[in-house]
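Just add 54 to the spot in the sequence shown (first one is 1) and you have the numbering used here.
See structure below.
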Amino acid sequence: MNCSPSRVTDREGRLGKAIPWTLGLCAASLIAFALLFSSSAASLSHHHLRKLQKFWTSANETGIIHWAASKATLDTAKHLDGGISKIIHQSWRSEEVPEKFQSWAQTWRTNHPDWSYVLWTDESNRNLVAEHFPHLLPVYDAFPEAIIRADTARILYMKQYGGCYADLDFESLKPLDPLLRDLPIALAKMGHSDPKSVGEIAQHSIPNAFMCSSPGHPYWDFALRHIVEKVAREAVVTDSNWDHVEQTAGPGMLHAACEDWTATIGEAIPLLPPESIYPYDWTLT
């Protein structure tokens, strides 16, 4: 059935256009983007981890999320044939996830029963940096905006553990396994601009709302270098300068890191086509 136009906005206020959503179900107050795969879909979200990694186990009758601590689960996660870890990462400021996201987050567990699931928080993000990337901690703590820390943490999930990160406002419509089975890393393209071009639209064509990787893939070193160098060059980053933020640790950074990777390594980072992940191009609104 067709959904009537819904107001689309993520938790950082990046979107705000009304769009129709037709996937056989309506997501009230739609905040999700779909992963369309063979006329079906799978979307992603992102996570937060404390020193003890927290995994979602169930929701009680009142809709409150319960968590179980199991850091070992991350370290012993299974992998797809190409090496991508079978871990779903999502993140929020704290363990108090708003009710509107809980049903979407549940779809990831439902469609990936043999994957580990972890929700990261601001606190567990910092613990991740302190434990595994202590050389980055002074830079991480010095970031002037929380969104830059959150965006950087997503990169560190991929570097340390691999798996798939998806924003909390994504709904899983189909298991990811067939789509990612033979890939060591995968980003996703939004829109139909040439990823090699340098215009503003092209620089936003690889959103950081969906990322998958094998643990330790060297591409993330390119991404982290871009973040550190950008912050070193710029004294002030504010939410009012959104493009600046996205160039630091968001889509602009991923695009630049992909270009550097290709120039250095001689091969491209796999980009899933727009119809697989981002059927709606918000840069055109």
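The C-beta atom is built at its ideal place from N, Cα and C for all residues, glycine as well.
Quick one: grab the DSSP three-state call for residue i.
i: L276; result: Contrary to the premise, residue 276 reads as Phe rather than Leu in this sequence. In the structure shown, F276 sits in a helix (DSSP, three-state: H, G or I).
i: I348; result: Any question about residue 348 goes unanswered here, given that the chain covers just 55 to 339.
i: V172; result: strand
i: F187; result: coil
i: Y332; result: strand
i: Y194; result: helix
i: G136; result: coil
i: S226; result: coil
i: L23; result: In the structure displayed, the chain extends from 55 to 339; residue 23 sits before or after that span and is not available.
i: H309; result: helix
i: I260; result: coil
i: Y219; result: strand
i: S148; result: coil
i: A159; result: helix
i: S268; result: coil
i: A131; result: coil
By the 10 Å Cβ neighbour count, where 16 or more other Cβ atoms means buried, how is residue i classified, buried or exposed?
i: G320; result: exposed
i: G270; result: exposed
i: V135; result: Contrary to the premise, residue 135 reads as Asp rather than Val in this sequence. Exposed.
i: L338; result: exposed
i: S330; result: buried
i: S178; result: buried
i: D223; result: buried
i: R208; result: buried
i: S148; result: exposed
i: D236; result: exposed
i: H166; result: buried
i: H189; result: exposed
i: A196; result: exposed
i: T157; result: Before going further, note that residue 157 is Ser rather than Thr in the sequence given. Exposed, because fewer than 16 other Cβ atoms sit within 10 Å of the Cβ of S157.
i: A159; result: buried
For residue i, which residues of its own chain have a beta-carbon under 6 Å away from its beta-carbon, when the five flanking residues on both sides are left out?
i: A184; result: L191
i: D314; result: F276
i: D335; result: M244 and G245
i: L325; result: L241 and K243
i: A322; result: T316
i: W274; result: I209, M212 and K213
i: G217; result: S139, I141 and H143
For residue i, which residues from the same chain have a beta carbon less than 7 Å from its beta carbon, with the 5 sequence-adjacent residues on both sides left out?
i: P327; result: K243
i: L128; result: Q107, I141, S170, V172 and Y215
i: N262; result: D205, R208, G304, P305 and L308
Throw me the rounded Cβ distance for the residue i and residue j pair, which I believe falls under 8 Å.
i: E317; j: H280; result: The question names Glu, yet the displayed sequence has Ala at residue 317. The pair is not a contact, with the Cβ atoms about 13 Å apart (cut-off 8 Å).
i: V193; j: V285; result: 6 Å
i: P232; j: I138; result: 12 Å between Cβ atoms; not a contact.
i: W162; j: S226; result: 5 Å
i: A220; j: F155; result: No, A220 and F155 are not in contact; Cβ-Cβ is about 11 Å, not under 8 Å.
i: K132; j: D176; result: Not really, about 28 Å apart at Cβ, beyond 8 Å.
If I measure Cβ to Cβ from residue i and keep anything under 8 Å in the same chain, skipping five residues before and after, which residues do I get?
i: T164; result: S226
i: H186; result: L210 and Q214
i: L182; result: L103, W174, A207, L210, Y211 and Q214
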